[in-house]
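Okay, structure first, notes after.
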Amino acid sequence: MKQKNGIQARLAQLPQIDRLLQLPVLKTLLEKYPRALVLELIRDDLERVREKILAEPGFEFQLENFVMQLTTEISAKLQPGLRRTINGAGIILHTNMGRAPLSPAAQQALAEMAENYCNLELDLVSGKRSQRHLAVEALLCRLTGAEAGLVVNNNAAATLLVLNTLASNRSCVISRGELITIGGSFRLPEVMRHGGAKMVEVGTTNQTLLADYEEALDETTALLMKVHTSNYKVIGFTAAASLTELVALGRRRGIPVYHDVGSGALTDLSRYGLPKEPVIRESLEIGADVVSFSGDKLIGGPQSGIIVGKKIYLDQMKKNHLTRALRSGKLTYAALEATLRLFLDEANLGQTHAVMQLLTKSIPEIEAQIQRVMRALPDFPGQLELIDGVSEAGGGSLATETLPTKLLTITLAPQSPDEVAQQLRENSPPIISRIQNNRVCLDFRTIREDEEPFILVALRQIASKFAT
Ligand SMILES: *Cc1c(COP(=O)(O)O)cnc(C)c1O
Numbered sequence: 002m003k004q005k006n007g008i009q010a011r012l013a014q015l016p017q018i019d020r021l022l023q024l025p026v027l028k029t030l031l032e033k034y035p036r037a038l039v040l041e042l043i044r045d046d047l048e049r050v051r052e053k054i055l056a057e058p059g060f061e062f063q064l065e066n067f068v069m070q071l072t073t074e075i076s077a078k079l080q081p082g083l084r085r086t087i088n089g090a091g092i093i094l095h096t097n098m099g100r101a102p103l104s105p106a107a108q109q110a111l112a113e114m115a116e117n118y119c120n121l122e123l124d125l126v127s128g129k130r131s132q133r134h135l136a137v138e139a140l141l142c143r144l145t146g147a148e149a150g151l152v153v154n155n156n157a158a159a160t161l162l163v164l165n166t167l168a169s170n171r172s173c174v175i176s177r178g179e180l181i182t183i184g185g186s187f188r189l190p191e192v193m194r195h196g197g198a199k200m201v202e203v204g205t206t207n208q209t210l211l212a213d214y215e216e217a218l219d220e221t222t223a224l225l226m227k228v229h230t231s232n233y234k235v236i237g238f239t240a241a242a243s244l245t246e247l248v249a250l251g252r253r254r255g256i257p258v259y260h261d262v263g264s265g266a267l268t269d270l271s272r273y274g275l276p277k278e279p280v281i282r283e284s285l286e287i288g289a290d291v292v293s294f295s296g297d298k299l300i301g302g303p304q305s306g307i308i309v310g311k312k313i314y315l316d317q318m319k320k321n322h323l324t325r326a327l328r329s330g331k332l333t334y335a336a337l338e339a340t341l342r343l344f345l346d347e348a349n350l351g352q353t354h355a356v357m358q359l360l361t362k363s364i365p366e367i368e369a370q371i372q373r374v375m376r377a378l379p380d381f382p383g384q385l386e387l388i389d390g391v392s393e394a395g396g397g398s399l400a401t402e403t404l405p406t407k408l409l410t411i412t413l414a415p416q417s418p419d420e421v422a423q424q425l426r427e428n429s430p431p432i433i434s435r436i437q438n439n440r441v442c443l444d445f446r447t448i449r450e451d452e453e454p455f456i457l458v459a460l461r462q463i464a465s466k467f468a469t
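Be aware that the sequence shown starts at 2, since it is given in my numbering, and climbs by one per residue.
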């Protein structure tokens, strides 16, 4: 196959599909993925090589390279799109990584409800149809002191439902300093518009006084809204009317007050040495008529939006037809109820609740994990170092606050930090790191002990690939 390599002769080197399928690597793939899909990808790849042979006279087909590329491509294309990741970024509620990891109790409830039928809308005493929110509502009332509660798809949906129910075709007064954007697509003015409420902005970015609200009230005003600015902080020359003041104003004028607390805490986090987040019970005690928050931020449950407050307003929301479109399924209810039940035993929350566990994980614990990893990699060809760092709560919780942590830094010259980070992401399971001061860092606050073996395997593999 030297000089007289006619195109025909070179095309003849291409393997038959049957022969390829005998190769052990491809046999393994056939066990994992549907035969038809694997065959389709092999044919596509062979066709591409055929075209290349026709187009490039100098192109030499090499079976080994071809098979390697093919298997990488098949695995990449046919593996599930949604994959578990290891969070080495140190952001506990990372929206891009699905926010809260669920607690064991919620995982169990999920597995049981996934496999079986359940009484989602069935009253077991009467055998009649019931409402899906009842069990969770009772828990929410107990945990927050509210009269009533409701669960929807997420807090954006909760906001939409509150505005649509209480202020559609009328107006809602809100401070200019609280017109938040969350994660790019939740922009409060848009939610107002979709909810059919006319937004009346008062005050300025850094200063909104009670008098500003008062002046804006007219006969169309249906709602006063206060939003916890969960992902930013305005500092300097600032003033904001307090919830207490807004409630007093609302009472005087007969207008309900809605508090969107964003993340929301069921328990005062300062008790755990953490920065304080608005406690839902406190907002209700101050007199907010309706409070909404996310189920998958500090609550640590599945994606959901929770609304609690006065029965008279919640009843209206339950009757709103939008509620049907925004409702959650049995898996959400299962995981949310199990998560909320953990708060009934607050003394053990640090052990039973996955997010609380990460928030309260101690520095010695984190340090011990990193040391274990470093000890297991004595011949690492680059540098591994244990340094101080900070973790974030994330997900628009504890906005500007950070938690001290320990980081493992990974340097593997001549590879750039970006290259190392990419290798980690391409690992199976993907490992998400953070680049800081031009170094790849893994924050072990968000890496569990049982995930350490994955880190070791990945680092060994990357090192072997890059070793010079
Ligand atoms: C996060 C957040 C939302 C959006 O909640 P999702 O559950 O992500 O829909 C709305 N308002 C505030 C103040 C938030 O922090």
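For each residue, glycine too, the CB sits at the ideal point set by N, CA and C.
Is any heavy atom of ligand 1 found at a distance shorter than 7 Å from the C-beta of residue i?
i    : result
D269 : no
V228 : yes
G263 : yes
N97  : no
F445 : no
I175 : no
T160 : yes
G178 : no
S295 : yes
F381 : no
I281 : no
S329 : no
F187 : yes
S231 : yes
G514 : Nothing in the structure corresponds to residue 514, since the chain is present only between 2 and 469.
I300 : no
I92  : no
I181 : yes
Quickly, what does DSSP pair residue i with across the bridge? List them, please.
i    : result
F294 : G263 and I307
M200 : C173
F187 : I183
K227 : H260
I436 : V441
I8   : None; I8 has no bridge partner.
P418 : None, per the DSSP bridge assignment.
L404 : S392
V356 : V356 pairs with nothing; no bridge assigned.
L341 : For L341, which the question treats as bridged, DSSP gives no partner whatsoever.
Q208 : A240
E386 : T410
T222 : S172
At the level of alpha carbons, what is the spacing between residue i and residue j?
i    : j    : result
N321 : T166 : 7 Å
R20  : A90  : 44 Å
L158 : L270 : Note that residue 158 is Ala in the sequence shown here, rather than Leu. Between A158 and L270, the C-alpha separation is close to 26 Å.
A106 : L225 : 38 Å
R449 : Q423 : 21 Å
P303 : V458 : 30 Å
L47  : L413 : 36 Å
L55  : L64  : 17 Å
L141 : V153 : 14 Å
M2   : F62  : For M2, the predicted structure reports a pLDDT of 43, less than 50, and the residue's modelled location is therefore unreliable. A value from the coordinates is still provided. Taking the straight line from one Cα to the other gives about 11 Å.
V280 : A77  : 44 Å
V443 : E215 : Going by the sequence as given, residue 443 is Leu instead of Val. The alpha-carbon atoms of L443 and E215 are separated by roughly 50 Å.
A24  : L103 : The question names Ala, but residue 24 is Leu in the sequence shown. Cα to Cα, L24 sits roughly 41 Å from L103.
T145 : I388 : 40 Å
M69  : I75  : 10 Å
E453 : S305 : 30 Å
A336 : G59  : 60 Å
L350 : S176 : 36 Å
I313 : D419 : 55 Å
Q462 : N120 : 48 Å
I300 : R100 : 11 Å
Drop a sphere of 10 angstroms on the beta-carbon of residue i, count the other beta-carbons inside from all chains shown, and report buried for 16 or more, exposed for fewer.
i    : result
I18  : exposed
N156 : buried
N88  : buried
T222 : buried
K227 : buried
V126 : exposed
A139 : exposed
P257 : buried
A326 : exposed
K28  : exposed
Q416 : buried
What I want to know is whether the C-beta of residue i ends up closer than 7 Å to one or more non-hydrogen atoms of ligand 2.
i    : result
A157 : Ligand 2 is not among the ligands present in this structure, which contains only ligand 1.
| Taking only runs of the alpha helix (DSSP H) that begin and end inside the segment 22-101, which ones reach a length of at least 4 residues, in chain order? | 25-33, 36-56 and 64-79
| message | Could you tell me which whole beta strand (DSSP E) segments of length 3 or greater appear in the segment 265-291? | response | none
| Which parts of the segment 116-159 are runs of the alpha helix (DSSP H), unbroken and 4 residues or longer, counting only runs that do not cross its ends? | 135-145
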